[in-house]
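First comes the structure, then the notes that go with it.
Numbering (the numbering used here), first residue to last: 12 to 463.
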């Protein structure tokens, strides 16, 4: 069978209707962002997010990448540096700058103001990714209504709903992967070349994006039969890797991608368990089908593309999915992860494929989105990390972090109880005492509240 990627006809830039659709998808992204903002978290929980936030604060206030020693490790110059990835901290600088300014205006701790505003960034990124899902689905040939449903399914029926509220690298990486994929699926050479820029940025967002280089380069070579265009994603990977390794050398006098303390997490032991677990296990770090049920319809979308002379496009999305899946199968993830966190970058492509199932399966996609929403909704009213914190308090953290934990004990079920307990604790809190404590700390003058 000859692999083909049918060109768009006509190109989007020459068709008013396509331009209207393009604008409509971005307006959809704005609407999703507004809904996300209604549930914006008050702060950042966890080491990873706070470490990257500290980098951004240092860039704004001191124009360097240093962090407090307890937020990183000591570099070769004796100062502390974060072990996390640099791009999110750089992109967040405008948000952090506004947060620091507001903190000064309202006399609150700078860290609180910076964290609150920084959390707007993943909201914007995830909403933008949802718009790209609709655009990709349309570019693959789906009906606009199905593309609309696919975007909503990504935003509200997958772990994107959870990580849009976290200051992690995954929302940024998902956006960059989606942008790269959207460009290579296009019908112009400049888009193919632009994909290399997105891929290079993705490597700076998280080095796991190196899997994009060979996959997208092979796709472009088969599509355009042009080596000059095909090398764009690989050149992007090379440029991003050089910048990242230089960033490491400046900090730690070493080109190692990961600090020495993390190198041991790459292991051949348990590869098969993690490979299957990221798809089927309900525990931390796994369960693509449990936490993101809409992607199930990507199977039908793949088949439809294959039968409609778009097999090459289908294989590009499949290649990215398999690249991330196999790469992280060799990574011993032990963190407080909600669902398949490391597979979030592949969700936009899978949801775009799901849109192609459309037609009679549109209601099925809607039902799967509702299931995904129920699975991920506890994070809207609580910190999902509370589930793990409660397990740690009971001495059961090791069990809670188990990839193949029984379904009844998994975060899917346990997070609801943790969320309800957090809400109950909030309702039982005497807010007047809390306000008075804050007022005393900052020497505010509080006027007595009178009944109207």
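For each residue, glycine too, the CB sits at the ideal point set by N, CA and C.
None of the values given here were measured: they were computed from a predicted structure.
Quiz item: Are the beta-carbon atoms of residue 223 and residue 251 separated by less than 7 Å?
Solution: Stepping through the chain shown from its first residue, residue 223 is reached at position 212. Stepping through the chain shown from its first residue, residue 251 is reached at position 240. No. Outside cutoff.
Quiz prompt | the stretch 39-47 / the stretch 123-142 touching (three or more Cβ pairs under 8 Å) | solution = With a cut-off of 8 Å, the stretch 123-142 and the stretch 39-47 count as touching, because enough Cβ pairs lie within range.
Quiz item: Just the Cα atoms here: how many angstroms apart are residue 166 and residue 385?
Solution: On the chain shown, residue 166 is found 155 positions in, with the first residue counted as 1. On the chain shown, residue 385 is found 374 positions in, with the first residue counted as 1. Looking at the backbone, the Cα of residue 166 and that of residue 385 are separated by about 13 Å.
Practice problem: With distances taken Cα to Cα, identify the nearest neighbour of residue 146 among 127, 364, 299. | Solution: Here the question's residue 146 lines up with position 135 in the chain shown. For residue 146, the nearest C-alpha among the options comes from 364.
Quiz item: Between 266, 127, 417, 162, which lies nearest to residue 53 when the distance is taken from Cα to Cα?
Solution: Within the chain shown, residue 53 is the residue found at index 42, counting from 1. Comparing C-alpha distances from residue 53 to each of 266, 127, 417, 162 shows the shortest one belongs to 127.
Self-check item: Candidates 260, 204, 339: closest to residue 296 by CA position
Solution: Stepping through the chain shown from its first residue, residue 296 is reached at position 285. The shortest Cα separation from residue 296 among 260, 204, 339 belongs to 339.
Quiz item: So, helix, strand or coil for residue 91, using DSSP?
Solution: The sequence position of residue 91 within the chain shown is 80, counting from 1. Reduced to three states, the DSSP call for residue 91 is strand.
Practice problem: Count the C-beta pairs between the stretch 68-87 and the stretch 157-176 that are closer than 8 Å, then say yes if the count reaches three, no if not. | Solution: Short answer: they don't touch.
Exercise. Pick helix, strand or coil for residue 277, following the three-state DSSP scheme.
Key: Taking the first residue of the chain shown as 1, we reach residue 277 at position 266. Assigned with DSSP and collapsed to three states, residue 277 falls in strand.
Quiz item: If residue 379 and residue 293 are in contact, beta carbons under 8 Å, what's the gap, nearest whole angstrom?
Solution: By 1-based counting over the chain shown, the position of residue 379 is 368. By 1-based counting over the chain shown, the position of residue 293 is 282. Residue 379 to residue 293, Cβ: 16 Å. No contact.
Exercise. Could you round the C-beta distance between residue 62 and residue 95 to whole angstroms and report it? I think they count as a contact, below 8 Å.
Key: Your numbering for residue 62 matches position 51 in the chain shown. Your numbering for residue 95 matches position 84 in the chain shown. The pair is a contact, with the Cβ atoms about 5 Å apart (cut-off 8 Å).
Quiz prompt | Three-state secondary structure assigned by DSSP to residue 427 | solution = What you label residue 427 is simply residue 416 of the chain shown in a count that begins at 1. DSSP places residue 427 in helix when its eight states are reduced to three.
Exercise. Taking residue 360 and residue 331 to be in contact with their CB atoms under 8 Å, please state how far apart those CB atoms are, rounded to whole angstroms.
Key: As a first step, residue 360 is located in the chain shown; it is residue number 349 there, counting from the start. As a first step, residue 331 is located in the chain shown; it is residue number 320 there, counting from the start. Right, the Cβ-Cβ distance comes to about 6 Å (below 8 Å), so this counts as a contact.
Quiz item: Can you tell me whether DSSP reads residue 347 as helix, strand or coil?
Solution: The residue given as residue 347 occupies position 336 in the chain shown. It is coil, neither helix nor strand.
Quiz item: Can you list, in chain order, the stretches of the alpha helix (DSSP H) that have 4 or more residues and sit fully within the stretch 37-86?
Solution: Here the runs fully enclosed are 58-72.
Quiz item: Which one or two residues does DSSP pair with residue 311 in a beta bridge?
Solution: By one-based count along the chain shown, residue 311 stands at place 300. In DSSP, residue 311 forms no bridge with anything.
Quiz item: Just curious, the alpha helix (DSSP H) that residue 332 is in, first and last residue?
Solution: Here residue 332 refers to the residue found at position 321 when the chain shown is read from its first residue. Here the alpha helix (DSSP H) through residue 332 covers 322-340.
Quiz item: In three-state terms, what does DSSP make of residue 383?
Solution: Start at 1 with the first residue of the chain shown, and residue 383 comes out as number 372. When DSSP states are grouped into helix, strand and coil, residue 383 belongs to the helix group.
Self-check item: Spatial distance of residue 194 from residue 286 (CA atoms)
Solution: As a first step, residue 194 must be located in the chain shown, where it is residue number 183. As a first step, residue 286 must be located in the chain shown, where it is residue number 275. Their backbone Cα atoms lie some 29 Å apart in a straight line.
Quiz prompt | Proximity of residue 355 and residue 221 at Cβ, strictly below 7 Å | solution = To locate residue 355, count along the chain shown from 1; it is residue 344. To locate residue 221, count along the chain shown from 1; it is residue 210. Not in contact: residue 355 and residue 221 (Cβ atoms no closer than 7 Å).
Quiz item: At a cut of 8 Å, does the stretch 87-94 reach the stretch 253-268 through at least three beta carbon pairs?
Solution: The stretch 87-94 makes contact with the stretch 253-268; the number of CB pairs closer than 8 Å reaches 3 or more.
Exercise. Determine the direct distance from the alpha carbon of residue 92 to that of residue 121, and round the result to whole angstroms.
Key: Counting from 1 along the chain shown, the entry for residue 121 is found at position 110. Counting from 1 along the chain shown, the entry for residue 92 is found at position 81. The alpha-carbon separation between residue 121 and residue 92 amounts to approximately 20 Å.
Exercise. Measure the alpha-carbon distance for residue 281 versus residue 341 and round it to whole angstroms.
Key: As a first step, residue 281 is located in the chain shown; it is residue number 270 there, counting from the start. As a first step, residue 341 is located in the chain shown; it is residue number 330 there, counting from the start. For residue 281 and residue 341, the distance between alpha carbons rounds to 8 Å.
Exercise. Find the nearest neighbour of residue 240 within the set 258, 316, 203, judged by alpha-carbon distance.
Key: As a working mapping, residue 240 is identified with position 229 in the chain shown. The shortest Cα separation from residue 240 among 258, 316, 203 belongs to 203.
Exercise. Indicate whether residue 161 and residue 188 have their beta-carbon atoms separated by less than 7 Å.
Key: In the chain shown, the residue the question calls residue 161 occupies position 150. In the chain shown, the residue the question calls residue 188 occupies position 177. Not in contact: residue 161 and residue 188 (Cβ atoms no closer than 7 Å).
Quiz item: How would you call residue 552, buried or exposed, if buried means at least 16 neighbouring beta carbons within 10 angstroms?
Solution: There is simply no residue 552 to check, as the chain begins at 12 and stops at 463 in what is shown.
Exercise. Please classify residue 429: is it buried, with 16 or more other beta-carbons within 10 angstroms of its beta-carbon, or exposed?
Key: Stepping through the chain shown from its first residue, residue 429 is reached at position 418. Flag for residue 429 reads buried.
Quiz item: Nearest to residue 373 by CA position, among 131, 258, 307, 198, is which residue?
Solution: For the purposes of this step, residue 373 is identified with residue 362 of the chain shown, where counting begins at 1. Out of 131, 258, 307, 198, 307 has the C-alpha closest to the C-alpha of residue 373.
Self-check item: Same chain, Cβ closer than 6 Å to residue 411, neighbours up to 5 away in sequence not counted
Solution: Translated into the one-based positions of the chain shown, residue 411 becomes position 400. Taken in chain order, the residues that qualify are 399, 402.
Exercise. State the Cα-Cα distance for the pair residue 301 and residue 424, rounded to the nearest angstrom.
Key: Numbered from its first residue, the chain shown carries residue 301 at position 290. Numbered from its first residue, the chain shown carries residue 424 at position 413. Here the alpha carbon of residue 301 sits roughly 11 Å from the alpha carbon of residue 424.
Quiz prompt | Euclidean distance between Cα positions of residue 353 and residue 314 | solution = Taking the chain shown and counting its residues from 1, the one referred to as residue 353 is at position 342. Taking the chain shown and counting its residues from 1, the one referred to as residue 314 is at position 303. For residue 353 and residue 314, the distance between alpha carbons rounds to 25 Å.
Quiz prompt | Range of the contiguous alpha helix (DSSP H) that encloses residue 104 | solution = In the chain shown, the residue the question calls residue 104 occupies position 93. Per DSSP, residue 104 is one residue of the alpha helix (DSSP H) stretching across 104-117.
Practice problem: Drop a sphere of 10 angstroms on the beta-carbon of residue 413, count the other beta-carbons inside from all chains shown, and report buried for 16 or more, exposed for fewer. | Solution: Within the chain shown, residue 413 is the residue found at index 402, counting from 1. Buried is the call here.
Quiz item: Any idea what DSSP makes of residue 362, helix, strand or coil?
Solution: The count along the chain shown starts at 1 and reaches residue 362 at position 351. Shown here, residue 362 sits in a helix according to DSSP, grouped into three states.
Quiz item: What is the DSSP secondary structure of residue 177, counted as helix, strand or coil?
Solution: Position 166 of the chain shown holds residue 177. It is coil, neither helix nor strand.
Quiz item: By Cβ distance below 6 Å, which residues in the same chain neighbour residue 245 in space, the five residues on each side in sequence not counted?
Solution: One-based indexing of the chain shown puts residue 245 at position 234. Taken in chain order, the residues that qualify are 224, 228.
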